[in-house]
Each structure stands twice: as C-alpha cells, then as structure tokens.
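Trainee:
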Amino acid sequence: MRIPMPRSRSASRLMPVNVKHATTEMRPAGLSRHQLTRQCRCANCFMPPHLLQKLLESKDKDIREAALNTLLSSSRLRGERMARAAFFSAAAPANGRRTIFDLHNSTRLSSATAARTEDGSPSGDDAVNRAFEGLGTTREFYREVFDRNSLDDKGMRLEAYVHYDTDYDNAFWDGREMKFGDGDGVLFTDFTKSVDVIAHELTHGVTQFTAGLDYRNQSGALNESISDVFGSLVKQWSRKQTAEEADWLIGTEIFTPEIAGDALRSMKAPGQAYNSDVLGKDPQPDNMNRYAQLPDTDAGDHGGVHINSGIPNKAFYLTAIRIGGYAWEAPGHIWYESLKASNPTTEFQDFADTTYAKAGELYGPGGIEQQAVLGAWREVGIRVSAGPVAVAVGARRPGVRVAASSVQEADRLAALTRQIDDLSTQMKALVKEVSGLKAASRRQAA
Amino acid sequence: MKVSLATHGGHLAGYHLSRPAQIVNAKSLPKDAGDELARLVEEAKATPASGDTRSDLARDAMSYTITIENGDPPVVLVQSDATMSPEFVALRNWIRTHAASK
C-alpha cells in the first residue's frame, strides 16, 4: 500500500511512497526535524534499534520527535507486513470483474440482458459504456490508492444495471450491485454521466464491508458523506486535480441544460448546490448549528442522511484544502483509515475524534495534517475531544482526555512508547491466531 | 376513492422533502379510468413488497408512499426501489401519469 509520507517543511507537495521500498533516512544529530528528508531507497534498510533508542533519548527535542515518528511508522509498517503474510494464502481474488446489464426501463431483474462484460467489446449504448468505464475507474482508484481489491477487498465482482425504471431521476446501491436511471429528461439526464455518482454508489459497498454505518440519523449521514468524499476523490484522481483545482461538486453532469443548478451537492459550500423555482433550494447544512432534525422514517430521509451529510462533507473539504496537494493522499488516507476504524453506530463526534487520532498516527502528532483535521471539524461546529497524546489504533478509547499543555514531554514519550509496545504485542497475537485458524482449516480440508 | 403518491429519499431527498404528494380523485375520472384505478389498487394491495434480505443494505434507493382513501380507514402502501412489486410499480406509474395530466 502506498503511504503518503508526512510533509516536510521544505516539500511543496506530498509524494506517495511505496511501502516495499520504504525506509527512513535520518541525518546526523544536530540538524532540526525540519531538515530531515524521507526518501524511497533500498528494500531492507531500516534504523538499527539501538541507534533509534539513543536518538529517542537525545537532549534535542527535534531529534527525539523525529525518532519517535520513525518508530511509529516502522511499527505500523511491520504490523502491516505481518498481517499481509498471515493472509497471503487467502482465496484468489476475482479482481473486480465488471458486468453491465440493460434493464430496458423495467424494475425487474428478470428483464435484464447482459450488455457488456469485462473482456467484451464496447457497446453501442453510451450509458452501458459510461457505467463500464466508471466502475473501472473506481476499481482502479481503490486498488492504486488504497491497495483495496474491489469493494470487499477480496475481488468482489462489480455489476451495474442501466436503464432502470422509467423517468428515474436517481441511482442506487442495493447491497450487491448498482442501478442507474435515465432521468426524466426534464430535470435530469442519465445518471451514468457522473463518475462521482458512480463512485459514490460503489463506495456504499466499501462502507458496507468496513464500518457498516447504520443508514439513519448521524451514522447514516456519515455513510452518505463517506460516499461523497470518495466519489469526489475518484473524480479528482481520474483528472489528476489538486484540492484547489477540484470543483467539489457531486453530480454536475446530470442536470438538463434547462435547470439552473450546479450539482446535487456541494462539499465546498453545502446549501449552495442549487437554487431554482423548480428544485427549490439546496437544504444541506454546513455546520452543526444548522443540523436538520428529521424523523427516522422514509418521509424524513431516515433522519436526513442526504441532508446532514453536508457537515462532514465540509469538514473533509476543509481538511483537504488546508493540507493541500492531492486530496486522495493524506486527507484520503486519514478518512479511509478512519472509516475502517469505525462501526455501525459511529456518529460525527466519534468520527471526528478518529480522524484526528489517525492523522496523528499516520503523519505524526501535531503535524500539519492533524492540525488541518482539528481546524476543519471546529469550523463545522465539532470540537475534537481526543487530545494530542491519544493516538489509539482502531476504535477510539472513550473518556481519554488529555490537555496537551499539562503533559510533560517525558511522560508523553513514555506513554507513546508504551502504546507502540502494546500495538506490537497485539499484532503478534493476531498473526498467531490467524495462523492457527488457517492450520485448523487445512486439517479439516485434508 | 382518492389516491396519493409521495416520493422520498435518493439523491434528490432534499427536493422530495418539500414536494407535495401527487393526488388523483377517482370522482373526476371517466368510468374506464376509474375502473382501471380500482383494479390497480386491488392488485397492489394484494402483492406485498419482495422479502429481499438485502433490502436493508440499499443505499440511495427511493421509497414511495401510496395512500388509498376509500371511505374506510386509509390503506397505506410503502415500498422502495429495492423491494417494489410489479403491481405496486404499475399503480405508482398510473398515479404519476394521471396526476401530471391535471
């Protein structure tokens, strides 16, 4: 997996680093943390533990912090390699092979005919080809950026149905595949025209196989936001746009020319995606003080999952703009790791705390990334409750609240070192358990 | 008999929140149309939504509430894109067509 390395003060943009060749090279003592650089070099280079320990005890604060960052990164990378080795002999993946079906404006799957397969020729139907390409772009995004093999990370096949229903102004994920409408021709056109909408729907699948966020109230709005975040990232990645260059709009291509609307939603400016006599005004809030209290019913959009998603959407946009560069790098990885660390009942506050913790874990406590996350959530009305010392992996630890100003630096380093030791112990236990399960499985099969 | 159709959810959830229901009053219909409506209503009432266990995993699916007022307590049918029966779809489409034509 590509891990974007923390931004050096002298670097103008985050650069992805291939884990297989990752190493951390440190300059001799005496140089400040800002002057340290990180390069991709030989596959097996790493800091000798005894030297790393010596640097951790240095009188120079910058040297100690840099050594600590190295230790954190190395421990996490070792854990990932160990986990991958344990799962190496899992079932061979299907690699997300695509099939597009034509529903011929019916809602019954029995009416569908196969229109294009993974190895088949392009169709004469543009909607079929757009869906095919959109599924492929999304699949490649998850593979290249997050090393994720399709939606379930096991190569799940990707299937989509076009020409669903009549005058259908929508697209949806049904738990197994996605369906696209052609639009009514008055308000909307074909929903296959927006790659971010395609990626939005497929990302519901990713969420289904990771956090499983309940589709109601705040967890549901978070579910929707995650799909908008990664839907937008797929679009930006396919166009190689920076956060500054992106439009941060969802579904710009599906409106008919007669409609005065920019998009279905705006992550940059929730509430301003559209405003017309026909559609009315975009009802999304951009701050918790405008959170829409809606009933958890069909009529209430299950507590406003498509409405209140504007709040975490804005938080991601602000995080991406403040970090700068490509939003799928540091911001995307922070959000992806946070998604994997979440659970069905995760709400906005929980998720904000997790993104803060993950930013610190991935890029170092107090870094630009963590500060960007902190400020972004604050601006949408959510104060991160975890202090700068809390860098829990997995679900956040509730009730841990540390005021940075009151913690002595020696205590902080000791606490972090203990956490790293705990992580290593847990990872070893996990690998041992998985190996045992595999051995038992082989004995049963034999 | 009076039938109404309300649409919810999906990518246009915000738009649907503020839209009034589409209503058709059978009293204003020609006899043939009235008979057709009555038939569609009975068929939709008799055919429940599919029991697809994946329906709770549907995301961005739209749902539809059809309310049938016919002298007795109203009958309310709610089905979604993930579960709609063909009979429900037929009634939904009929209401859309006849409500729009007024």
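Chains A and B, in that order, are what the protein sequence lines are.
Numbering (the numbering used here) for the first sequence: -5 to 440.
Numbering (the numbering used here) for the second sequence: 74 to 175.
Quick reminder that beta carbons are idealized off the backbone N, C-alpha and C, glycines included.
The structure displayed is predicted, hence computed values, not measured ones.
Quick one: is the Cβ of residue 431 (chain A) within less than 7 Å of any heavy atom of the ligand ZN?
Mentor: Of ligands this structure carries none, so the ligand ZN is not represented either.
Trainee: Does the CB of residue 76 (chain B) have a neighbour CB from chain C at under 8 Å?
Mentor: In the structure shown, chain C cannot be found, because the protein chains are A and B.
Trainee: What is the DSSP secondary structure of residue 117 (chain A), counted as helix, strand or coil?
Mentor: Counting from 1 along the first sequence, the entry for residue 117 (chain A) is found at position 123. DSSP places residue 117 (chain A) outside both helix and strand once states are collapsed to three, so it counts as coil.
Trainee: Look up residue 282 (chain A) in the DSSP assignment and say whether it is helix, strand or coil.
Mentor: To locate residue 282 (chain A), count along the first sequence from 1; it is residue 288. Three-state result, residue 282 (chain A): helix.
Trainee: Quick one: grab the DSSP three-state call for residue 186 (chain A).
Mentor: For the purposes of this step, residue 186 (chain A) is taken as residue 192 along the first sequence, with counting starting at 1. Note: residue 186 (chain A) maps to helix in three-state DSSP.
Trainee: For residue 144 (chain B), collect the residues of the same chain with a Cβ closer than 7 Å to its Cβ; drop the 5 residues on either side in sequence, then sort them by chain order.
Mentor: Within the second sequence, numbered from 1, the residue matching residue 144 (chain B) stands at position 71. Excluding sequence neighbours, residue 144 (chain B) sits near nothing in its chain.
Trainee: Under 7 Å between beta-carbons, which chain A residues line up against residue 119 (chain B)? List them in chain order, please.
Mentor: Start at 1 with the first residue of the second sequence, and residue 119 (chain B) comes out as number 46. Going along chain A, no residue has its Cβ under 7 Å from residue 119 (chain B), so there is no contact; the nearest lies around 18 Å.
Trainee: Quick one: is residue 203 (chain A) near chain B, going by C-beta distance under 8 Å?
Mentor: Numbered from 1 along the first sequence, position 209 holds the residue referred to as residue 203 (chain A). So no, residue 203 (chain A) is outside the interface.
Trainee: For residue 171 (chain B), which residues in chain A fall below 8 Å Cβ to Cβ?
Mentor: In the second sequence, counting from the first residue as 1, residue 171 (chain B) sits at position 98. None at all; the shortest Cβ gap to chain A is about 15 Å.
Trainee: To which residues of the same chain is residue 110 (chain A) closer than 6 Å at the C-beta, ignoring the five residues directly before and after it?
Mentor: Taking the first sequence and counting its residues from 1, one reaches residue 110 (chain A) at position 116. Counting only Cβ-Cβ distances below 6 Å, and skipping sequence neighbours, we find 94, 117, 122 and 126.
Trainee: Do we get a CB-CB distance below 8 Å when we pair residue 81 (chain B) with the residues of chain A?
Mentor: Locating residue 81 (chain B) in the second sequence gives position 8, counting from the first residue. Residue 81 (chain B) counts as touching chain A.
Trainee: Under 8 Å between the Cβ atoms of residue 338 (chain A) and residue 190 (chain A)?
Mentor: Sequence index remark: in the first sequence, residue 338 (chain A) carries index 344 (1-based). Sequence index remark: in the first sequence, residue 190 (chain A) carries index 196 (1-based). Going by C-beta atoms, residue 338 (chain A) is not nearer than 8 Å to residue 190 (chain A).
Trainee: Closest Cβ-Cβ distance between residue 301 (chain A) and chain B: below 8 Å?
Mentor: Taking the first residue of the first sequence as position 1, residue 301 (chain A) is located at position 307. Answer yes: the Cβ-Cβ gap between residue 301 (chain A) and chain B drops below 8 Å somewhere.
Trainee: Just the chain A side, please: which residues come within less than 8 Å of residue 163 (chain B) by C-beta, in chain order?
Mentor: Reading the second sequence from its first residue, position 90 is the one you call residue 163 (chain B). Within 8 Å Cβ-Cβ: nothing; residue 163 (chain B) doesn't reach chain A, min ~10 Å.
Trainee: Can you tell me where the alpha helix (DSSP H) holding residue 363 (chain A) begins and where it ends?
Mentor: Translated into the one-based positions of the first sequence, residue 363 (chain A) becomes position 369. Its alpha helix (DSSP H) spans residues 362 to 373.
Trainee: Is there at least one Cβ from chain B nearer than 8 Å to residue 257 (chain A)'s Cβ?
Mentor: In the first sequence, residue 257 (chain A) corresponds to position 263, counting from 1. By this cut-off, residue 257 (chain A) is not an interface position.
Trainee: State the start and end residues of the unbroken alpha helix (DSSP H) segment that holds residue 311 (chain A).
Mentor: If you number the first sequence from 1, residue 311 (chain A) lands on position 317. Per DSSP, residue 311 (chain A) belongs to the alpha helix (DSSP H) from 304 to 317.
Trainee: Along the segment 179 to 212 of chain A, where does the CB come closer than 9 Å to a CB of chain B? Name the residues.
Mentor: So the close ones are 181, 182, 185, 191, 194, 195, 198, 199, 201, 202 and 209.
Trainee: Can you give me, in chain order, the residues of the segment 130 to 147 of chain B that have a beta carbon less than 8 Å from any beta carbon in chain A?
Mentor: 130, 131, 132, 133, 134, 135, 136 and 138
Trainee: For residue 442 (chain A), write down the residues that DSSP places opposite it in a beta bridge.
Mentor: Only positions -5 to 440 of chain A appear in this structure, which leaves residue 442 (chain A) out of reach.
Trainee: Starting from residue 166 (chain A), follow its DSSP beta bridges and name the residues at the other end.
Mentor: Taking the first residue of the first sequence as position 1, residue 166 (chain A) is located at position 172. Looking at the DSSP assignment, residue 166 (chain A) forms a beta bridge with A:173.
Trainee: Quick one: any contact between the segment 342 to 352 of chain A and the segment 144 to 163 of chain A, if contact means 3 or more CB pairs under 8 Å?
Mentor: no
Trainee: Short of 7 Å in beta carbon distance, which residues of its chain neighbour residue 330 (chain A), apart from the five on each side in sequence? Order them along the chain.
Mentor: Taking the first sequence and counting its residues from 1, the one referred to as residue 330 (chain A) is at position 336. Result list for residue 330 (chain A): 140, in chain order.
Trainee: May I ask you to report which of helix, strand or coil DSSP gives residue 125 (chain A)?
Mentor: Walking along the first sequence from the start, residue 125 (chain A) turns up at place 131. Helix at residue 125 (chain A).
Trainee: Can you tell me whether residue 333 (chain A) is helix, strand or coil according to DSSP?
Mentor: Residue mapping note: residue 333 (chain A) aligns to position 339 of the first sequence, counting from 1. DSSP places residue 333 (chain A) in helix when its eight states are reduced to three.
Trainee: Determine, using beta carbons only, whether residue 122 (chain B) comes closer than 8 Å to chain A.
Mentor: Your numbering for residue 122 (chain B) matches position 49 in the second sequence. Closer than 8 Å: no.
Trainee: What does the Cβ neighbour count give for residue 364 (chain A), buried or exposed, with the cut at 16 atoms within 10 Å?
Mentor: Numbered from its first residue, the first sequence carries residue 364 (chain A) at position 370. Looking at its Cβ environment, which holds 16 or more other Cβ atoms inside 10 Å, residue 364 (chain A) is buried.
Trainee: Report the option in A:151, A:361, A:124 and A:98 whose CA atom is closest to the CA atom of residue 91 (chain A).
Mentor: Looking up residue 91 (chain A) in the first sequence gives position 97. Taking only the C-alpha atoms, the option nearest residue 91 (chain A) is A:151.
Trainee: Of all the CB atoms in chain B, is at least one closer than 8 Å to the CB of residue 264 (chain A)?
Mentor: Sequence index remark: in the first sequence, residue 264 (chain A) carries index 270 (1-based). Taking Cβ atoms only, chain B never reaches closer than 8 Å to residue 264 (chain A), which makes this a no.
Trainee: Leaving out the 5 sequence neighbours to the left and right, which residues in its chain are closer than 7 Å to residue 370 (chain A) when beta-carbon positions are compared?
Mentor: The sequence position of residue 370 (chain A) within the first sequence is 376, counting from 1. Once the five neighbours on either side are set aside, the close Cβ partners of residue 370 (chain A) are 309, 312, 313 and 316.
Trainee: Which whole-angstrom value is the C-beta distance of residue 290 (chain A) and residue 211 (chain A), which I expect to be below 8 Å?
Mentor: Against the first sequence, residue 290 (chain A) aligns to sequence position 296. Against the first sequence, residue 211 (chain A) aligns to sequence position 217. Contact annotation, residue 290 (chain A) with residue 211 (chain A): C-beta distance approximately 6 Å; criterion of less than 8 Å satisfied.
Trainee: Would you say residue 149 (chain B) and residue 138 (chain B) are within 8 Å of each other, going by their C-beta atoms?
Mentor: For the purposes of this step, residue 149 (chain B) is identified with residue 76 of the second sequence, where counting begins at 1. For the purposes of this step, residue 138 (chain B) is identified with residue 65 of the second sequence, where counting begins at 1. The answer is yes: Cβ separation under 8 Å.
Trainee: Going by the beta-carbon positions, is the gap between residue 280 (chain A) and residue 374 (chain A) smaller than 8 Å?
Mentor: For this step, residue 280 (chain A) is matched to residue 286 along the first sequence. For this step, residue 374 (chain A) is matched to residue 380 along the first sequence. Cβ atoms of residue 280 (chain A) and residue 374 (chain A): closer than 8 Å.
Trainee: Does DSSP put residue 128 (chain B) in a helix, a strand or coil?
Mentor: To locate residue 128 (chain B), count along the second sequence from 1; it is residue 55. In this structure, DSSP gives residue 128 (chain B) a helical state, which the three-state scheme calls helix.
Trainee: When Cβ atoms are compared, which residues of the segment 161 to 181 of chain A fall closer than 7 Å to chain B?
Mentor: 163, 164, 165, 166, 167, 168, 169 and 170
Trainee: With burial defined as no fewer than 16 other Cβ atoms inside 10 Å of the residue's Cβ, what is the status of residue 262 (chain A): buried or exposed?
Mentor: As a working note, residue 262 (chain A) is residue 268 in the first sequence. When all chains shown are included, residue 262 (chain A) counts as buried.
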